[in-house]
Amino acid sequence: RLYFLYEAYDDYWNMTPHRGDIFEVAIDADLSGGNYYQNPQRDGWADNHFNHKGVHAQNYHIFTPPGDGRDWCMIMGCQPWIKEFPWANAAYHHTFKEGEGGNLTLECWITPFDYAPYDGPSQAVVSDLKENTIIGLSWAILDYDENSDKDEGFWNLSHNTTMDTYGSMLCAFRLMPIESFLLKPLEAQWSFTVLDMTHRLVAFKDLSRGNITSWLWDFGDSTISTKQNPIHQYNETGEFVVILTVDGPEGKARHIKVRDV
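Residue numbering for the sequence shown is 1 to 261, as defined by the UniProt record's numbering.
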């Protein structure tokens with residue numbers, strides 16, 4: 001998920017149902033690029049809309065604010081389901097009314113997709129967001145001071161208005177890791193994969209962070225291992241409480257999973 005905190009002041013907030021002030025966000029998480037709005041090789045509007053528009057990159061027209069009874073955003077594509085929970089959510093805070101000035105705070109999160117079809121999430125592919133990788137992302141602010149089609153201001157981060165339809169025009173954003181001063185000096189974490197269900201063979205993977213010099217696995221069946229990434233065979237079928245304890249110059253940490261394995 002991508003989280004946004006949007007804070008703005010306007011002297012005239014427009015909540016007109018067919019237009020209104022907009023915070024527009026476009027995201028191409030896998031850098032597939034190209035035109036995500038229209039493919040000239042497709043046969044007509046319907047073919048483009050239902051099979052191409054917003055499928056490999058998504059565009060959110062977030063209403064600031066939506067006003068009375070309107071959805072929080074409009075998806076410029078064939079997949080309006082991506083704005084619904086659990087794929088997205090939004091919350092606003094303001095005290096002004098239609099046409100008044102004041103401060104607006106918006107917090108929202110969205111889920112980028114490498115493939116977001118019209119049919120719904122069952123066949124969709126959620127983008128794999130990893131630290132230190134590059135994604136395509138941009139936003140624009142559309143300011144309408146009255147109930148008309150003419151905007152009073154348009155600001156675009158990518159400096160190219162085709163960012164709303166063309167993934168290659170989005171800015172390159174690096175997904176930065178959490179700043180070191182916000183992290184614990186030593187933190188234990190791990191995952192597991194069942195290699196052979198019949199023979200109860202499980203591979204454990206250490207995901208701990210920090211300067212680690214030793215590992216101690218308690219598999220929950222009265223057996224242990226001091227390997228970093230052990231493979232363990234359980235003698236009996238069951239659910240187990242598994243504990244990984246790590247040691248290093250900066251101390252000790254552990255991570256427990258209760259009956260996940």
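A virtual CB, placed ideally from N, CA and C, is assigned to each residue, including glycine. Model, not experiment: these values are computed from the prediction.
- DSSP lists Asp-218 and Ile-256 as the bridge partner or partners of Ile-243.
- With distances taken between CA atoms, Asn-132 lies nearest to Ala-29 out of Ile-256, Ala-253 and Ala-29.
- Trp-190 carries a strand assignment under DSSP once its states are collapsed to helix, strand and coil.
- For secondary structure counted as the beta strand (DSSP E) over 3 or more consecutive residues, the stretch 97-145 holds these complete runs in sequence order: 102-110, 113-115 and 134-143.
- In the DSSP assignment, Gly-44 falls within the unbroken alpha helix (DSSP H) covering 44-51.
- For Lys-227, the three-state secondary structure derived from DSSP is coil.
- In the structure shown, Asp-164 falls within a helical segment according to DSSP collapsed to helix, strand and coil.
- Burial is judged here by how many other beta carbons sit within 10 angstroms of a residue's own beta carbon; Tyr-9 has fewer than 16 and is exposed.
- In this structure, Gly-67 sits near Met-15, with a CB-CB distance shorter than 7 Å.
- Here the stretch 44-64 makes no contact with the stretch 190-200; the two share fewer than three CB pairs at distances below 8 Å.
- Per DSSP, the continuous beta strand (DSSP E) segment holding Asp-206 begins and ends at 201-206.
- Distances from the alpha-carbon of Leu-31 to those of Ser-208, Ile-75, Asp-47 and Ser-138 put Ser-138 closest.
- A contact between stretches requires three or more CB pairs, one per stretch, nearer than 8 Å, and the stretch 45-59 meets this requirement with the stretch 110-120.
- C-alpha of Tyr-3 to C-alpha of Glu-152: approximately 27 Å in a straight line.
- Annotation: Met-176 to Leu-129 spans about 11 Å, alpha carbon to alpha carbon.
- The beta carbon of Leu-195 is closer than 6 Å to those of Leu-201 and Ala-203 in its chain, skipping five residues each way along the sequence.
- Ser-158 and Pro-86 have their C-alpha atoms spaced approximately 29 Å apart.
- Residue pairing for Leu-5: DSSP places it in a beta bridge opposite Glu-107.
- A direct Cα-Cα distance of roughly 26 Å separates Gly-120 from Ile-134.
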